[in-house]
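Notes for the one structure printed next.
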Amino acid sequence: MIFFEKDRQFWGAKLQGATPFRTDFMGQRTTEDRSTWASVEATVSGLVQGVGYRFFVQRVARNLNLTGYVMNLRGGKVRAFAEGPRDSLSIFVDELRKGPPLSSVEEIHTTWGEYKGMYSDFSIRFEQ
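When the count follows my numbering, it moves up by one through the sequence shown with no breaks and lands on 254 for the last residue.
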């Protein structure tokens with residue numbers, strides 16, 4: 127394919143202000159301003175193991191288009207780490223407090239941090 131100088135100037139100008147894209151849950155590309163993105167790590171205690179809590183967390187995270195992971199910890203706790211838009215992360219933490227019907231969340235500790243783009247999906251980890 128041959129590019130002419132005029133084409134190079136046109137596309138160079140278009141791409142210069144481009145924002146990063148992300149694939150939403152339907153596989154469609156979306157552009158977002160990532161300056162408002164963050165990460166959150168949550169440790170949840172209570173009746174949160176053996177009640178479908180990790181699967182619930184994964185479903186919520188994917189519906190909010192977040193990336194990261196959820197895993198069981200020793201002592202009956204669950205850890206979730208998620209990255210994405212801060213507004214979506216706030217909703218995510220609210221949903222962690224509710225949990226699925228058979229769970230009973232007693233306490234949740236959250237640590238907020240910077241968005242680093244470390245994950246491409248939200249997964250369940252089965253090992254500590």
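Even glycine gets a Cβ: it sits at the ideal position worked out from N, Cα and C.
Starting from residue i, follow the beta strand (DSSP E) in both directions and report where the run begins and ends.
i      : result
Phe207 : 204 to 211
Tyr179 : Here Tyr179 belongs to no beta strand (DSSP E); instead the alpha helix (DSSP H) covers 179 to 189.
Ser246 : Element bounds for Ser246: n/a, residue is neither H nor E.
Would you say residue i reaches chain D, if we count a Cβ-Cβ gap shorter than 9 angstroms as a contact?
i      : result
Met197 : Of the protein chains in this structure there is only one, and it is not chain D.
Hey, residue i and residue j are a contact pair by Cβ (cut 8 angstroms); roughly how many whole angstroms apart?
i      : j      : result
Gly172 : Ser216 : The Cβ separation is near 20 angstroms, so there is no contact.
Trp163 : Glu232 : Actually they are not in contact, since the Cβ atoms of Trp163 and Glu232 sit about 30 angstroms apart, beyond 8 angstroms.
Thr236 : Ala168 : 5 angstroms
Ile234 : Val196 : Their Cβ separation, rounded to whole angstroms, is 13 angstroms, which puts Ile234 and Val196 out of contact at 8 angstroms.
Ser246 : Phe207 : Ser246 to Phe207, Cβ: 14 angstroms. No contact.
Where does residue i fall in DSSP's three states?
i      : result
Arg200 : coil
Leu228 : coil
Asp159 : coil
Leu173 : strand
Alpha carbon to alpha carbon, how far is residue i from residue j?
i      : j      : result
Trp238 : Pro211 : 12 angstroms
Arg223 : Phe182 : 12 angstroms
Met244 : Ser161 : 16 angstroms
Val177 : Val204 : 12 angstroms
Glu240 : Glu221 : 21 angstroms
Gly194 : Phe248 : 5 angstroms
Phe252 : Pro227 : 22 angstroms
Gly201 : Gln175 : 10 angstroms
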